[in-house]
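For reference, the structure discussed in these notes is given below.
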Amino acid sequence: MMLEVGDAIPAVTLKDMEGVDFALDHYSGKPLVVYFYPKADTPGCTNEAKDFTAMADEYAAAGVPVIGISKDKPAKLKTFSEKYGLSVILASDEPGDACAAFGTWVEKSMYGRTYMGIERATFLVGADGTVQRVWPKVKVKGHAAEVLEAARAL
1 MMLEVGDAIP AVTLKDMEGV DFALDHYSGK PLVVYFYPKA DTPGCTNEAK
51 DFTAMADEYA AAGVPVIGIS KDKPAKLKTF SEKYGLSVIL ASDEPGDACA
101 AFGTWVEKSM YGRTYMGIER ATFLVGADGT VQRVWPKVKV KGHAAEVLEA
151 ARAL
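Okay, here's the thing in C-alpha coordinates:
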(Lines of atoms letter the chains of each structure in order from A and count residues from 1; the text may use other names and numbers.)
(Lines give C-alpha, C1' and ligand atoms only; values in the text may rest on other atoms or scores of the structure.)
Protein backbone atom coordinates (compact mmCIF):
# COMPACT_ATOMS: atom_id res chain seq x y z
CA MET A 1 0.00 0.00 0.00
CA MET A 2 1.29 3.45 -0.93
CA LEU A 3 2.31 5.86 1.83
CA GLU A 4 -0.36 8.40 2.71
CA VAL A 5 -0.41 11.90 4.15
CA GLY A 6 0.76 11.78 7.78
CA ASP A 7 2.90 8.64 7.36
CA ALA A 8 6.55 8.84 8.33
CA ILE A 9 8.91 8.24 5.46
CA PRO A 10 10.71 4.93 5.82
CA ALA A 11 14.37 4.67 6.73
CA VAL A 12 15.77 3.33 3.47
CA THR A 13 19.27 3.30 2.07
CA LEU A 14 19.81 4.02 -1.60
CA LYS A 15 22.85 4.34 -3.85
CA ASP A 16 23.80 7.59 -5.51
CA MET A 17 25.08 7.76 -9.10
CA GLU A 18 28.59 6.88 -7.91
CA GLY A 19 27.32 3.77 -6.12
CA VAL A 20 27.77 5.29 -2.65
CA ASP A 21 25.16 4.54 0.02
CA PHE A 22 23.01 7.34 1.35
CA ALA A 23 19.87 7.39 3.45
CA LEU A 24 16.80 9.59 3.11
CA ASP A 25 17.06 10.43 6.81
CA HIS A 26 20.14 12.47 5.85
CA TYR A 27 17.57 15.11 4.92
CA SER A 28 15.69 15.07 8.22
CA GLY A 29 14.87 18.51 9.51
CA LYS A 30 14.13 19.89 6.04
CA PRO A 31 11.35 19.40 3.55
CA LEU A 32 12.03 17.03 0.68
CA VAL A 33 10.51 15.91 -2.62
CA VAL A 34 10.88 12.21 -3.42
CA TYR A 35 9.67 11.03 -6.78
CA PHE A 36 9.64 7.52 -8.20
CA TYR A 37 9.93 6.86 -11.91
CA PRO A 38 9.94 3.58 -13.85
CA LYS A 39 13.10 3.73 -15.95
CA ALA A 40 15.86 6.20 -16.78
CA ASP A 41 16.20 7.48 -20.34
CA THR A 42 12.64 6.68 -21.39
CA PRO A 43 10.46 9.53 -22.72
CA GLY A 44 8.20 10.17 -19.71
CA CYS A 45 10.97 9.72 -17.16
CA THR A 46 13.33 11.96 -19.14
CA ASN A 47 10.73 14.72 -19.40
CA GLU A 48 9.96 14.49 -15.68
CA ALA A 49 13.65 14.74 -14.73
CA LYS A 50 14.18 17.62 -17.15
CA ASP A 51 11.16 19.48 -15.72
CA PHE A 52 12.43 19.13 -12.15
CA THR A 53 15.91 20.22 -13.34
CA ALA A 54 14.48 23.29 -15.10
CA MET A 55 13.03 24.36 -11.74
CA ALA A 56 16.06 23.37 -9.65
CA ASP A 57 16.89 26.96 -8.69
CA GLU A 58 13.33 27.54 -7.51
CA TYR A 59 13.36 24.33 -5.46
CA ALA A 60 16.73 25.36 -3.98
CA ALA A 61 15.36 28.82 -3.11
CA ALA A 62 12.46 27.08 -1.34
CA GLY A 63 14.98 24.89 0.54
CA VAL A 64 13.54 21.69 -0.85
CA PRO A 65 15.88 19.06 -2.36
CA VAL A 66 14.44 16.80 -5.07
CA ILE A 67 15.37 13.11 -5.26
CA GLY A 68 14.33 10.86 -8.13
CA ILE A 69 14.34 7.12 -7.42
CA SER A 70 14.27 4.19 -9.83
CA LYS A 71 15.56 0.63 -9.84
CA ASP A 72 18.21 1.50 -12.44
CA LYS A 73 21.86 0.76 -11.67
CA PRO A 74 23.95 3.74 -10.46
CA ALA A 75 26.03 3.73 -13.66
CA LYS A 76 22.88 4.04 -15.79
CA LEU A 77 21.68 6.94 -13.63
CA LYS A 78 25.02 8.70 -14.08
CA THR A 79 24.85 8.28 -17.88
CA PHE A 80 21.23 9.50 -17.86
CA SER A 81 22.11 12.54 -15.76
CA GLU A 82 25.10 13.48 -17.91
CA LYS A 83 23.23 12.93 -21.19
CA TYR A 84 20.50 15.44 -20.27
CA GLY A 85 22.41 17.74 -17.89
CA LEU A 86 20.16 16.83 -14.99
CA SER A 87 20.67 18.55 -11.64
CA VAL A 88 18.18 16.60 -9.53
CA ILE A 89 19.56 13.92 -7.23
CA LEU A 90 19.05 10.52 -8.81
CA ALA A 91 19.12 7.45 -6.60
CA SER A 92 19.23 3.75 -7.32
CA ASP A 93 16.93 1.36 -5.50
CA GLU A 94 18.08 -1.81 -7.28
CA PRO A 95 16.90 -4.16 -4.52
CA GLY A 96 13.52 -2.39 -4.43
CA ASP A 97 13.46 -1.67 -0.69
CA ALA A 98 12.41 1.97 -1.12
CA CYS A 99 9.83 1.08 -3.79
CA ALA A 100 8.30 -1.50 -1.47
CA ALA A 101 8.40 0.78 1.58
CA PHE A 102 6.78 3.72 -0.24
CA GLY A 103 4.27 1.43 -1.96
CA THR A 104 5.30 2.27 -5.52
CA TRP A 105 6.14 -1.32 -6.58
CA VAL A 106 2.82 -2.38 -8.06
CA GLU A 107 1.23 -4.74 -10.53
CA LYS A 108 0.88 -3.05 -13.91
CA SER A 109 -0.77 -4.07 -17.14
CA MET A 110 0.12 -3.32 -20.74
CA TYR A 111 -1.24 -4.93 -23.89
CA GLY A 112 -2.99 -7.58 -21.80
CA ARG A 113 0.20 -8.57 -19.98
CA THR A 114 0.56 -8.03 -16.24
CA TYR A 115 3.92 -7.41 -14.62
CA MET A 116 5.45 -5.70 -11.58
CA GLY A 117 6.86 -2.20 -12.00
CA ILE A 118 7.27 1.22 -10.44
CA GLU A 119 4.21 3.45 -10.35
CA ARG A 120 5.21 7.02 -11.13
CA ALA A 121 4.48 8.81 -7.86
CA THR A 122 5.73 11.83 -5.93
CA PHE A 123 5.85 12.46 -2.18
CA LEU A 124 6.26 15.86 -0.54
CA VAL A 125 7.85 15.31 2.87
CA GLY A 126 7.78 17.91 5.62
CA ALA A 127 10.73 18.86 7.82
CA ASP A 128 9.32 16.51 10.48
CA GLY A 129 9.80 13.52 8.16
CA THR A 130 6.10 12.93 7.50
CA VAL A 131 4.37 12.83 4.13
CA GLN A 132 2.54 16.11 3.52
CA ARG A 133 1.19 15.34 0.06
CA VAL A 134 1.11 12.39 -2.35
CA TRP A 135 0.71 12.42 -6.12
CA PRO A 136 -0.01 8.85 -7.29
CA LYS A 137 -0.08 7.89 -10.99
CA VAL A 138 1.64 11.12 -11.98
CA LYS A 139 1.07 12.70 -15.37
CA VAL A 140 4.35 14.43 -16.20
CA LYS A 141 3.20 17.62 -17.92
CA GLY A 142 3.02 20.45 -15.38
CA HIS A 143 3.80 18.13 -12.46
CA ALA A 144 7.10 19.70 -11.34
CA ALA A 145 5.43 23.14 -11.14
CA GLU A 146 2.51 21.75 -9.13
CA VAL A 147 4.88 20.08 -6.67
CA LEU A 148 6.92 23.29 -6.34
CA GLU A 149 3.77 25.26 -5.50
CA ALA A 150 2.90 22.74 -2.77
CA ALA A 151 6.48 22.76 -1.45
CA ARG A 152 6.46 26.54 -1.16
CA ALA A 153 3.25 26.31 0.89
CA LEU A 154 4.92 24.20 3.60
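The UniProt record's numbering puts the first residue of the sequence shown at 1, with every later residue one more than the last. We put the beta carbon where it would ideally sit given N, CA and C, even for glycine.
Quiz item: Whole-angstrom Cβ separation of V5 and V131, contact assumed at under 8 Å?
Solution: Reading the sequence shown from its first residue, position 5 is the one you call residue 5. Reading the sequence shown from its first residue, position 131 is the one you call residue 131. With 8 Å as the limit, V5 and V131 qualify as a contact, their Cβ atoms being about 5 Å apart.
Self-check item: Entirely enclosed alpha helix (DSSP H) segments - the stretch 24-96, minimum 4 residues
Solution: 43-54, 56-61, 74-84
Quiz item: Going by C-alpha distance, which of S109, E82, A153, A145 is nearest F52?
Solution: Within the sequence shown, the letter at position 52 stands for residue 52. F52 has its Cα closest to that of A145, out of S109, E82, A153, A145.
Quiz prompt | Nearest-angstrom Cα separation, counted from P43 out to T79 | solution = In the sequence shown, counting from the first residue as 1, residue 79 sits at position 79. In the sequence shown, counting from the first residue as 1, residue 43 sits at position 43. Spanning the two alpha carbons is a distance of roughly 15 Å.
Practice problem: List the endpoints of the continuous beta strand (DSSP E) containing R113. | Solution: Within the sequence shown, residue 113 is the residue found at index 113, counting from 1. Taken as a continuous stretch (DSSP letters only), the beta strand (DSSP E) holding R113 covers 113-118.
Quiz item: Does the stretch 75-92 come close enough to the stretch 118-134 to have 3 or more Cβ pairs within less than 8 Å?
Solution: no
Practice problem: Give the single residue among M2, P10, M1 whose Cα lies nearest to the Cα of G129. | Solution: Taking the first residue of the sequence shown as position 1, residue 129 is located at position 129. For the residues M2, P10, M1, the minimum Cα distance to G129 belongs to P10.
Quiz item: Which residues in the same chain as I67 place their Cβ atom closer than 6 Å to its Cβ, once the five residues preceding and following it in sequence are excluded?
Solution: Numbered from its first residue, the sequence shown carries residue 67 at position 67. V34, I89, A91, listed in sequence order.
Quiz prompt | K141 classed as buried or exposed, judged by whether at least 16 other C-beta atoms fall within 10 angstroms | solution = Numbered from its first residue, the sequence shown carries residue 141 at position 141. K141 is exposed by the Cβ-count criterion.
Quiz item: Would a C-beta distance cut-off of 8 Å place A62 and A151 closer than the cut-off?
Solution: Residue numbering aside, residue 62 sits at position 62 when the sequence shown is read from its first letter. Residue numbering aside, residue 151 sits at position 151 when the sequence shown is read from its first letter. Contact flag set, yes.
Self-check item: Contacting residues, own chain, Cβ-Cβ under 7 Å from Y115 (five flanking each side not counted)
Solution: Numbered from its first residue, the sequence shown carries residue 115 at position 115. Cβ neighbours of Y115 beyond the five flanking positions: K108.
Exercise. Could you check how far apart the C-beta atoms of F22 and T104 are, in whole angstroms? I think they sit under 8 Å.
Key: Reading the sequence shown from its first residue, position 22 is the one you call residue 22. Reading the sequence shown from its first residue, position 104 is the one you call residue 104. Between T104 and F22 the Cβ distance is about 19 Å, and since that is not below 8 Å, they are no contact.
Quiz item: Taking the Cβ atom as the reference point for each residue, do A49 and Y27 lie within a distance shorter than 8 Å?
Solution: The residue labelled residue 49 in the question sits at position 49 within the sequence shown. The residue labelled residue 27 in the question sits at position 27 within the sequence shown. Their beta carbons are not under 8 Å apart, which means A49 does not touch Y27 by this criterion.
Quiz item: According to the neighbour-count rule (16 or more other Cβ atoms, all chains shown, within 10 Å of its Cβ), is M17 buried or exposed?
Solution: Mapped onto the sequence shown, residue 17 falls at position 17. Buried: at least 16 other Cβ atoms inside 10 Å.
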